[in-house]
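Novice: Following this message is one structure expressed as structure tokens.
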Amino acid sequence: MVRHLGTNLIFALIISLGTVVSSKAVAQPKPSDPKPTTGINTLDSSVFSFNGADRLVSDALDAVSKQNYDLAASKLQDARQIYNQLSNFYQDLTGIFTGLDNRIADSHRQKALQAAQLRDKSTYQLALVYRAKNQPELAIPLLIQLVRSQQPTRDLGKQAYQQLFELGFVDEVFPKASASTTAPAKPN
Numbered sequence: 005m006v007r008h009l010g011t012n013l014i015f016a017l018i019i020s021l022g023t024v025v026s027s028k029a030v031a032q033p034k035p036s037d038p039k040p041t042t043g044i045n046t047l048d049s050s051v052f053s054f055n056g057a058d059r060l061v062s063d064a065l066d067a068v069s070k071q072n073y074d075l076a077a078s079k080l081q082d083a084r085q086i087y088n089q090l091s092n093f094y095q096d097l098t099g100i101f102t103g104l105d106n107r108i109a110d111s112h113r114q115k116a117l118q119a120a121q122l123r124d125k126s127t128y129q130l131a132l133v134y135r136a137k138n139q140p141e142l143a144i145p146l147l148i149q150l151v152r153s154q155q156p157t158r159d160l161g162k163q164a165y166q167q168l169f170e171l172g173f174v175d176e177v178f179p180k181a182s183a184s185t186t187a188p189a190k191p192n
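If you read the sequence shown in my numbering, its first letter stands for residue 5, the second for the next number, and so on.
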């Protein structure tokens, strides 16, 4: 049973990591946008960018596939920190430009939201790595952060709460199944 649980966690982690890597994190300029003059793509090769954090997540996926959970955890912690900083900085820029140039403020707001979503996905993946390493004491605080950030009504929040249930940290299922779906099937 323990081996089966570990295999399921590895499979879930690989699928989860793949969704972050396959999603485009940086919006591409529209053809109607004026040509940028300088600085637009200077950070693409830097680790402090959406692309840099995406590369860390990709490296973590590779490490998980090789069952190198220590490396995967390290890469995911770094990616999570970068996404969090990006979210905070773009949110700061949103506040600065609100009322001054709402088009720019909205652009920064969208990037802040995007970075926060990627941070939360990385947090979930990190919690799964800790579960695979049999370290629930490290997974549980991350899962609770996710339930708070995503709310238990959104997919990632539900998944985080389900992990808390599977770990035995909570003993109530959410959402509760209706009476019609929980009734045992009658034998023929």
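Beta carbons: idealized from backbone N, C-alpha and C, even for Gly.
When we look at the beta-carbon of V177 and count the other beta-carbons within 10 Å, is it buried (16 or more) or exposed?
Specialist: That one is exposed.
Novice: Grouping DSSP H, G and I as helix and E and B as strand, with all else coil, what is T102?
Specialist: In the structure shown, T102 adopts coil according to DSSP, grouped into three states.
Novice: Taking the continuous alpha helix (DSSP H) assigned at F178, which residues delimit it?
Specialist: No alpha helix (DSSP H) contains F178, which DSSP labels as neither H nor E.
Novice: Looking only at C-alpha atoms, which of N138, Q129, F93 and L150 sits nearest to L171?
Specialist: N138
Novice: Check whether the region 71 to 88 and the region 123 to 138 touch, using three or more Cβ-Cβ pairs below 8 Å as the test.
Specialist: With the cut-off at 8 Å, the region 71 to 88 and the region 123 to 138 touch.
Novice: Beta-carbon separation of I200 and F101 under 8 Å?
Specialist: Only positions 5 to 192 of the chain appear in this structure, which leaves residue 200 out of reach.
Novice: Looking only at its own chain, which residues have a Cβ that is under 6 Å from the Cβ of A120, when we skip the five neighbours before and after it?
Specialist: S91
Novice: Under 8 Å between the Cβ atoms of S62 and G56?
Specialist: no
Novice: What residue range does the alpha helix (DSSP H) around P140 cover?
Specialist: P140 to Q154
Novice: With DSSP collapsed to three states, give me the class of V61.
Specialist: V61: helix per DSSP, three-state reduction.
Novice: Compute the distance between the beta-carbons of R59 and Y87, then report whether it is under 8 Å.
Specialist: no
Novice: So what does DSSP say about S53, is it helix, strand or coil?
Specialist: Here S53 sits in coil by DSSP.
Novice: So, with DSSP's three-state summary, where would you put K70?
Specialist: In the three-state reduction of the DSSP assignment, K70 falls in the coil class, being assigned neither a helical nor a strand state.
Novice: Whose C-alpha, out of S53, D74, F54 and D66, is nearest the C-alpha of R135?
Specialist: D74
Novice: Since A198 and Q95 should fall inside the 8 Å C-beta cutoff, what is the C-beta to C-beta distance between them, to a whole number of angstroms?
Specialist: No information on residue 198 is available, as it lies outside the stretch 5 to 192 that the chain covers here.
Novice: Could you say which of T157, K125, D175 and F52 lies nearest to Q89 if we only look at CA atoms?
Specialist: F52
Novice: Would DSSP call T127 helix, strand or coil?
Specialist: Three-state result, T127: helix.
Novice: Of the choices T157, A76 and L168, whose alpha-carbon is the least far from that of P140?
Specialist: Checked all of T157, A76 and L168; the closest Cα to P140 is L168.
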